[in-house]
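Engineer:
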Amino acid sequence: MIALRSGFTLEGFLAGSLWTLLILVLALLSSRLGSRFADRSIRSIATRSPLREAGPRSEQRATTLAGVAVSLLRIFVWTMAGLLILGVVGVDLGPFLAGASIVGVALGFGAQSLVKDFLSGFFILAEDQYAVGDVITIADQTGTVEEIDLRITRLRAVDGTVWFVPNGEIRKVGNSAKDWGRAIVDVVIPRKSDLTAATAVIQEEAAAVAADPVWSDSVLEPPEILGVDAMGVDNITVRVSTKTTPGQRTPLAREMRSRISYRLQRDGMVAETTIPEAETPPTSSGD
Amino acid sequence: MIALRSGFTLEGFLAGSLWTLLILVLALLSSRLGSRFADRSIRSIATRSPLREAGPRSEQRATTLAGVAVSLLRIFVWTMAGLLILGVVGVDLGPFLAGASIVGVALGFGAQSLVKDFLSGFFILAEDQYAVGDVITIADQTGTVEEIDLRITRLRAVDGTVWFVPNGEIRKVGNSAKDWGRAIVDVVIPRKSDLTAATAVIQEEAAAVAADPVWSDSVLEPPEILGVDAMGVDNITVRVSTKTTPGQRTPLAREMRSRISYRLQRDGMVAETTIPEAETPPTSSGD
Amino acid sequence: MIALRSGFTLEGFLAGSLWTLLILVLALLSSRLGSRFADRSIRSIATRSPLREAGPRSEQRATTLAGVAVSLLRIFVWTMAGLLILGVVGVDLGPFLAGASIVGVALGFGAQSLVKDFLSGFFILAEDQYAVGDVITIADQTGTVEEIDLRITRLRAVDGTVWFVPNGEIRKVGNSAKDWGRAIVDVVIPRKSDLTAATAVIQEEAAAVAADPVWSDSVLEPPEILGVDAMGVDNITVRVSTKTTPGQRTPLAREMRSRISYRLQRDGMVAETTIPEAETPPTSSGD
Amino acid sequence: MIALRSGFTLEGFLAGSLWTLLILVLALLSSRLGSRFADRSIRSIATRSPLREAGPRSEQRATTLAGVAVSLLRIFVWTMAGLLILGVVGVDLGPFLAGASIVGVALGFGAQSLVKDFLSGFFILAEDQYAVGDVITIADQTGTVEEIDLRITRLRAVDGTVWFVPNGEIRKVGNSAKDWGRAIVDVVIPRKSDLTAATAVIQEEAAAVAADPVWSDSVLEPPEILGVDAMGVDNITVRVSTKTTPGQRTPLAREMRSRISYRLQRDGMVAETTIPEAETPPTSSGD
Amino acid sequence: MIALRSGFTLEGFLAGSLWTLLILVLALLSSRLGSRFADRSIRSIATRSPLREAGPRSEQRATTLAGVAVSLLRIFVWTMAGLLILGVVGVDLGPFLAGASIVGVALGFGAQSLVKDFLSGFFILAEDQYAVGDVITIADQTGTVEEIDLRITRLRAVDGTVWFVPNGEIRKVGNSAKDWGRAIVDVVIPRKSDLTAATAVIQEEAAAVAADPVWSDSVLEPPEILGVDAMGVDNITVRVSTKTTPGQRTPLAREMRSRISYRLQRDGMVAETTIPEAETPPTSSGD
Amino acid sequence: MIALRSGFTLEGFLAGSLWTLLILVLALLSSRLGSRFADRSIRSIATRSPLREAGPRSEQRATTLAGVAVSLLRIFVWTMAGLLILGVVGVDLGPFLAGASIVGVALGFGAQSLVKDFLSGFFILAEDQYAVGDVITIADQTGTVEEIDLRITRLRAVDGTVWFVPNGEIRKVGNSAKDWGRAIVDVVIPRKSDLTAATAVIQEEAAAVAADPVWSDSVLEPPEILGVDAMGVDNITVRVSTKTTPGQRTPLAREMRSRISYRLQRDGMVAETTIPEAETPPTSSGD
Amino acid sequence: MIALRSGFTLEGFLAGSLWTLLILVLALLSSRLGSRFADRSIRSIATRSPLREAGPRSEQRATTLAGVAVSLLRIFVWTMAGLLILGVVGVDLGPFLAGASIVGVALGFGAQSLVKDFLSGFFILAEDQYAVGDVITIADQTGTVEEIDLRITRLRAVDGTVWFVPNGEIRKVGNSAKDWGRAIVDVVIPRKSDLTAATAVIQEEAAAVAADPVWSDSVLEPPEILGVDAMGVDNITVRVSTKTTPGQRTPLAREMRSRISYRLQRDGMVAETTIPEAETPPTSSGD
């Protein structure tokens with residue numbers, strides 16, 4: 293806490309001058325080299341844009357960002373050099389360090405999500421949770437993976453929207469492209485229709501789809517009528533489950549629904565009312 | 293922890309005075325230069341207002357904000373100088389630094405969201421997640437990007453509202469203007485109508501739109517009937533999907549809905565009831 | 293960590309007394325001046341109440357608050373002075389500082405939202421996100437801005453309620469008063485009515501409003517029928533969009549809805565049922 | 293870090309004894325005076341209970357709380373004294389301070405919401421956001437303010453429930469008692485009734501209320517028919533807006549609704565069905 | 293940072309041995325006394341169980357918990373003693389303290405909710421927010437207060453469930469047992485019935501209840517017809533408000549609802565349909 | 293901060309060697325003993341599995357976990373030893389401790405939920421909030437307590453699912469097995485049926501259940517008709533409340549509902565419509 | 293705080309050189325060995341991919357990740373070495389350490405979720421909360437456990453989607469595969485049908501299922517009619533509960549629902565309306 297060396301000696305003065313010189317030279321060097329390095333790496337990231345739209349725009353963007361990064365680096369290096377020289381001449385750095393800690397807390401807390409992104413990305417890659425081309429659900433978004441790196445995952449949703457999800461936002465991963473899937477079809481029939489007949493119809497149509505040459509390659513196990521899955525006031529829900537290859541889960545379910553709907557309508561096993569169901573929300577045009 | 297130098301020496305006194313003088317001169321310099329710099333940069337930000345409404349208002353705003361910033365800078369510089377001088381004369385700065393750490397925690401935590409904004413903005417730009425003119429969804433808000441900088445993104449929603457979203461609030465980005473989109477049209481038909489006929493009608497109209505010279509440039513792949521996507525108690529939903537250019541996704545879907553609605557009505561494939569559906573909420577006048 | 297100077301010397305005793313005296317004088321000065329300053333600035337804030345209700349109440353409030361602030365300032369100054377004197381006489385301040393750090397953490401964390409308010413307010417002003425008179429949406433509240441300062445924004449909602457929103461609570465800002473707005477009218481028509489005729493009627497009425505001298509100045513671009521935006525079980529929604537001046541968005545939409553409703557009713561293009569729609573919640577009397 | 297003075301000297305021993313004695317005397321004094329002060333201030337808070345139910349209960353409560361506070365104070369003072377004496381005899385306090393920092397973090401974090409309460413309360417009072425008697429909405433609770441102090445706001449909801457809301461929980465304040473209010477009445481009419489006639493009836497009744505001597509003083513501007521605010525499948529909503537004195541907003545809206553309901557029923561402009569609306573939830577008896 | 297005293301002296305050795313001995317004796321004492329104290333206080337808490345079920349179970353529980361607490365205390369005391377002795381012999385404690393800080397952060401953060409509980413409890417008691425026997429709403433739970441202490445509040449819900457709510461979880465308190473309550477009855481009548489007649493009937497029955505000797509003592513102010521509070525598509529809601537004693541709010545509202553229901557049914561002012569309302573969820577048997 | 297002792301002396305070298313040896317021996321000892329202790333305690337926890345499925349699996353699990361714990365312990369002990377020796381030879385440990393603090397923050401924050409679990413568990417046990425066999429609601433999960441320890445509570449839900457809830461996740465506890473419960477039966481009757489007759493029937497049946505020898509022991513107070521608890525558009529809800537023994541609350545309510553339903557059906561006091569209620573969701577087969 | 297040793301001595305210079313050399317050698321060693329170790333362990337994790345898709349892809353992934361880890365390790369080791377050497381030559385490391393603390397806070401906070409994952413995983417394994425093959429519910433996801441390790445749990449949902457859930461995200465665990473389950477069937481019958489008869493039918497069919505040889509092994513206790521569990525406006529819900537083996541809970545419930553539905557339909561105890569229930573949402577094709 294003694295801020296100034298109490299005794300001034302030539303020896304100390306020489307040593308101090310030497311150190312100061314050394315620090316200045318090193319600062320100059322790291323500032324130069326660091327700037328060149330930062331400039332190059334940012335340029336390479338920014339021009340290697342996800343969708344590869346090279347051209348003047350990405351060039352310009354890279355220039356701007358590299359400029360920002362180089363400025364920050366220089367401020368950092370020269371502040372460090374200044375503090376070290378002050379330390380050499382014996383000034384108490386306490387107040388400066390206290391001031392720096394304010395910036396430090398802000399930077400540290402602000403940057404923690406970046407660390408989370410990289411850590412999360414590391415484990416996603418190391419544990420091979422998903423790969424490019426898989427259909428996954430992360431952070432309430434479903435889509436096909438287009439690109440993964442340590443910081444971000446890029447998805448393409450079914451409506452063509454590209455979603456950029458930082459890996460740190462991913463809490464749990466649902467991957468629908470591993471080994472097998474299961475097409476689950478819930479058929480609602482009026483409670484007063486003949487359950488035995490309806491079940492037979494459903495069974496028949498489900499089997500027909502599975503036997504259809506177009507679909508038979510996708511079906512890993514024959515369809516199974518699981519029974520009445522839900523019982524409402526005047527209708528019941530019969531569930532059919534079929535083990536399929538992962539990618540054919542949804543198309544197969546749609547095909548089964550089409551055929552079963554057609555048969556039930558043909559055989560008159562639908563509610564006869566013409567009053568429409570109240571609960572189908574109109575297809576929103578949010579697309 | 294020995295607060296005062298135990299021996300008073302002339303040498304020490306002289307050194308102390310010198311240091312004090314030096315600190316005062318430096319403080320004066322940095323206060324002056326810093327003020328000028330702060331004043332200028334804030335003025336340039338504030339008069340370069342997002343929507344470029346130059347004029348007396350932005351001038352006055354700049355003056356006020358620059359005044360606040362300059363005051364804060366001066367308080368900071370002179371506090372630092374005062375503490376350094378106290379350190380030079382040998383006063384124990386512990387209590388002051390402890391007091392400062394209170395302010396530091398508050399400032400650091402309060403400012404962390406600012407750091408987040410800039411970091412987030414840096415990656416949005418570096419990874420080219422979106423650009424001015426793209427239609428994106430961020431922070432539950434959809435709109436056309438009007439401006440991006442390191443701290444904030446400005447969107448224009450479809451109803452004309454301008455949304456300012458700090459980049460740190462952006463957790464995931466949905467960009468609907470990359471490469472292609474998909475127009476998805478869900479057609480609800482009564483379960484007791486003829487599914488085969490209805491599907492044919494839908495197919496026909498969708499193909500007609502795709503072949504229409506007005507739309508054919510927007511259609512990247514011919515429309516595809518995916519099948520029965522959902523099965524309700526007395527109606528089923530048939531989904532049509534068409535790959536389009538990104539910007540034409542919604543208009544094309546609207547056009548298809550118009551034509552299919554018209555045909556189904558003409559051909560009598562709609563529920564005959566006149567009892568309105570219960571679930572359409574009235575169009576809210578929140579606009 | 294040697295709490296007491298091991299050697300007692302007259303020289304040290306004299307220096308200590310001098311320092312103690314100096315600290316006491318400075319503490320007295322800063323306590324006096326600080327109190328006067330705090331008192332005045334709080335009075336000026338509190339009597340300059342948002343809605344300018346000068347009078348005995350605001351006077352009394354100012355007195356109370358200034359009293360609280362002055363007390364806090366005095367406690368702070370004299371605690372600092374006491375600690376400095378203890379440091380001068382050589383007492384180890386460790387335990388006191390540890391005790392103070394408890395208070396510091398609590399104060400620092402508690403005050404971080406204040407820092408956030410000011411930082412957020414600074415950027416709202418510097419980036420001119422909104423100004424007095426604009427209709428904005430912040431923190432789930434929509435209203436007309438009545439006052440902005442660095443800490444708080446005051447809104448007046450449409451029902452006359454005044455909302456005080458600390459700027460730090462504002463995550464994204466929606467400003468409906470920039471350049472232009474868009475009046476969006478969704479017209480619901482029964483699915484079994486003639487879509488072509490209905491569209492013609494809607495087109496006609498929308499154009500009539502736009503041509504009406506009362507409204508023509510507000511209309512920046514002629515109304516556009518976007519097509520069928522949503523398709524329900526037994527009704528479809530046709531969307532009309534009109535570019536307007538920002539402030540006329542809602543009134544114009546209401547006028548269009550009135551005229552279109554009238555025409556559709558006159559021409560009999562409404563559901564004929566008398567059974568009321570189930571989903572309109574009764575207008576809540578929460579006002 | 294040398295825990296014990298390496299040389300034992302009489303001088304040091306005497307100085308140590310003196311310091312120890314001094315610390316003990318000071319600890320005794322602050323313990324005594326502090327206890328008395330804590331006891332009195334808590335008693336004054338606790339017996340000055342919000343609803344002023346003086347009597348044996350509040351007396352007893354005050355005694356208990358004061359006992360707790362005095363015990364805590366004594367533990368604190370004597371721990372400090374003990375640590376100071378240990379410091380005087382030269383024991384390394386590191387382990388103790390590390391132990392204390394655990395308590396410190398817990399206390400500091402636990403107490404931050406208290407700091408928030410006071411800071412928030414300070415600004416509510418300084419900015420005069422609301423006063424006793426105002427009808428406000430804070431923390432999802434609406435009611436009449438019965439008491440405000442720096443820590444807490446007491447509301448009386450319309451059903452008589454008293455709500456104690458710590459000021460730190462208040463994120464935004466809605467004050468319905470400033471300058472003026474606006475009575476907004478949404479009238480739902482069947483889409484197939486004559487809109488022109490219905491609007492005329494609504495206009496007439498609204499004007500009649502405004503002209504009524506009972507209400508005319510509350511009406512600041514004549515009622516205004518804003519037009520069709522929402523369009524449902526088979527009904528439309530016409531909005532009437534009237535600028536009123538703040539307190540009369542809700543009663544005036546109720547009166548208008550009564551009269552308009554009566555007229556519409558008398559003139560037969562209501563849905564003729566007897567099937568009740570499905571969406572009115574039964575009035576819950578949560579009161 | 294010089295970890296070992298560079299010079300070994302007999303004097304230092306003796307002093308060290310003395311200190312070591314002293315520390316061991318003190319550790320032994322505090323371990324013994326602390327254990328006894330911890331054991332007793334925990335036993336007294338645990339056997340003074342909320343619902344006073346003394347007996348072997350609470351005895352056994354007390355024994356277990358006291359065992360845990362005593363072990364923790366001993367580990368703490370002897371660790372401290374060990375560290376102090378290491379400090380005396382001159383070992384650098386840095387690594388140990390750094391290790392301890394890990395535990396400290398975990399303990400401190402984990403324990404902060406405990407501090408919150410006590411602080412919150414202190415203010416609940418000091419400000420007399422509620423007392424045993426009051427009906428209150430805290431943390432989304434309504435019930436009668438059965439016990440309050442500094443850490444926890446025990447409620448009895450209407451279905452007999454006992455809720456233990458730590459005071460720190462209480463953000464705002466709703467107390468329905470202060471001074472008065474208001475019985476609010478919302479009567480739904482079909483929009484096509486005669487509003488004047490219906491209002492008269494409601495007024496009559498409400499007044500009859502208020503005049504009833506059974507209820508008249510509970511009624512503080514005569515019932516007031518507030519008017520039409522909500523207007524639906526085919527029904528309107530008339531609100532009656534009566535100021536009552538706090539405890540009679542709900543019973544009085546039920547009585548009024550019974551009588552008004554009876555009269556409206558007798559006078560035929562109910563919807564004539566037999567189609568049940570869709571929205572009453574069946575009484576869940578969650579009890 | 294002088295990293296190396298400036299003077300090398302034989303004495304210092306010898307002392308250093310001695311200390312190094314001592315540290316190594318102690319490290320060896322604590323590593324050995326600690327490993328054995330960790331191994332044993334983990335084995336005892338892991339083989340004493342909640343559901344007591346002793347056997348090879350739990351044996352193997354114990355071996356794995358003990359291996360992990362022993363490795364961590366060894367790393368910790370030898371790192372400490374290494375740092376102490378470095379300190380003895382006079383190396384500045386600053387960089388190492390700074391590096392360690394990174395790990396420390398991560399560990400400390402990550403482990404805070406563990407501390408919360410134990411603290412929460414301590415109070416649950418000490419205050420006897422629930423015991424094995426009680427039916428409780430914690431963390432949105434209801435079930436019968438099967439086991440409580442300091443870290444976790446194990447519940448068995450009514451469908452047989454076993455829920456493991458860490459005690460720190462428990463914010464409030466609802467215990468339905470204390471002293472008494474209240475069977476609350478809400479009977480919905482059409483608004484146009486005779487309320488007096490219906491109430492009489494309900495009263496009669498409720499009394500009959502209470503008098504039934506099967507149930508009379510469970511009934512602590514005779515059933516009470518509370519009156520009309522809710523009033524809908526075309527139905528009203530009459531509430532019956534009966535004080536019971538805690539465990540018989542739900543069965544008694546079911547019995548009452550059965551009998552009242554039967555009587556009301558027999559006496560024709562039910563809605564005559566055959567149109568089913570719309571709101572009963574079908575019994576989901578989530579079980 | 294004296295940054296440079298004030299006296300330059302040959303002895304000190306030699307010692308410094310020696311230390312510097314030693315540090316360099318050690319850094320080289322740990323860099324080499326650490327790299328090899330990191331490389332190997334990451335390779336073993338990454339090639340031991342969850343679903344064992346060995347091959348070029350996992351090989352390549354391992355190479356990339358190992359490269360990243362080795363680079364990070366080298367940066368860390370050489371930074372530490374650099375700082376130690378600077379310390380040896382007597383440079384004040386304060387500014388460097390302050391700079392490092394920024395990185396430290398970010399890393400520490402970012403990594404805390406990793407620590408949580410491992411801690412949580414440790415307790416899941418130690419307390420045997422679930423094992424491979426169990427059907428569990430964690431983090432709102434239900435599925436069959438396919439793999440557990442200390443960091444992550446892998447589930448297979450019923451539709452074939454694989455869910456990766458980090459253990460730290462698991463707050464409470466529901467395990468449906470312990471000892472027994474309970475098949476709960478809620479039968480909805482119209483309120484106007486004969487309750488006694490319906491109950492008899494339900495009882496009969498439930499017993500028939502339990503007696504059926506296919507199911508009798510799964511039934512641990514005979515089915516029990518619990519009574520009327522819920523009472524709606526025009527229907528009541530009768531609950532049947534059967535204790536089963538854990539895995540047969542859902543299939544048995546489906547079988548019972550099928551048989552009871554069939555019988556009730558055959559015996560005419562269903563609502564006769566043909567108007568479909570409004571609330572069954574159509575089976576979404578989210579699969």
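Protein chains in written order, with the numbering used here: chain E, 293 to 579; chain B, 293 to 579; chain Y, 293 to 579; chain G, 293 to 579; chain S, 293 to 579; chain L, 293 to 579; chain P, 293 to 579.
Beta carbons are placed, not taken as given, at the ideal position from N, Cα and C, and that holds for glycine.
In this text, all values refer to a predicted model and were calculated from it rather than measured experimentally.
Taking 8 Å as the threshold, find out whether the segment 503 to 517 of chain B comes into contact with the segment 530 to 546 of chain E through three or more Cβ pairs.
Structural biologist: In short, these stretches do not touch, since the Cβ pair count stays below three.
Engineer: Quick one: what's residue 535 (chain Y) bridged to in DSSP?
Structural biologist: Y:474, per the DSSP bridge assignment.
Engineer: Determine, for residue 444 (chain S), whether the minimum Cβ-Cβ distance to residues of chain G falls below 9 Å.
Structural biologist: No, because no Cβ of chain G sits closer than 9 Å to the Cβ of residue 444 (chain S).
Engineer: For chain S, check one thing: does any of its Cβ atoms lie closer than 9 Å to the Cβ of residue 455 (chain G)?
Structural biologist: Cβ-Cβ to chain S under 9 Å: yes for residue 455 (chain G).
Engineer: Shorter than 9 Å from the beta carbon of residue 467 (chain P) to some beta carbon of chain L?
Structural biologist: Yes - at least one Cβ of chain L is within 9 Å of the one on residue 467 (chain P).
Engineer: Are the beta-carbon atoms belonging to residue 495 (chain Y) and residue 486 (chain G) less than 9 Å from one another?
Structural biologist: Contact flag unset, no.
Engineer: On the CB-based measure, 16 or more other CB atoms within 10 Å of its CB, does residue 429 (chain E) come out buried or exposed?
Structural biologist: Answer is buried; the Cβ neighbour count reaches 16.
Engineer: Name the residue from P:490, P:426, P:314 and P:331 whose alpha carbon lies nearest to the alpha carbon of residue 355 (chain P).
Structural biologist: When each option's Cα is compared against that of residue 355 (chain P), the closest is P:331.
Engineer: Among the candidates G:350, G:468 and G:433, whose CA atom is the shortest distance from the CA of residue 422 (chain S)?
Structural biologist: It is G:350.
Engineer: Starting from the beta carbon of residue 353 (chain L), find every residue of chain P whose beta carbon is closer than 8 Å, and list them in chain order.
Structural biologist: Simply 417, 418 and 420.
Engineer: Excluding five sequence neighbours on each side, which residues of the same chain lie with their C-beta closer than 7 Å to the C-beta of residue 358 (chain Y)?
Structural biologist: The residues are 330, 331, 334 and 335.
Engineer: Among E:482, E:405 and E:438, which residue has its Cα nearest to the Cα of residue 462 (chain E)?
Structural biologist: Cα-wise, what sits closest to residue 462 (chain E) is E:405.
Engineer: Compare the Cα-Cα distances from residue 552 (chain Y) to each of G:378, G:506 and G:519 and report the closest residue.
Structural biologist: Selected option, being the one with the closest Cα: G:519.
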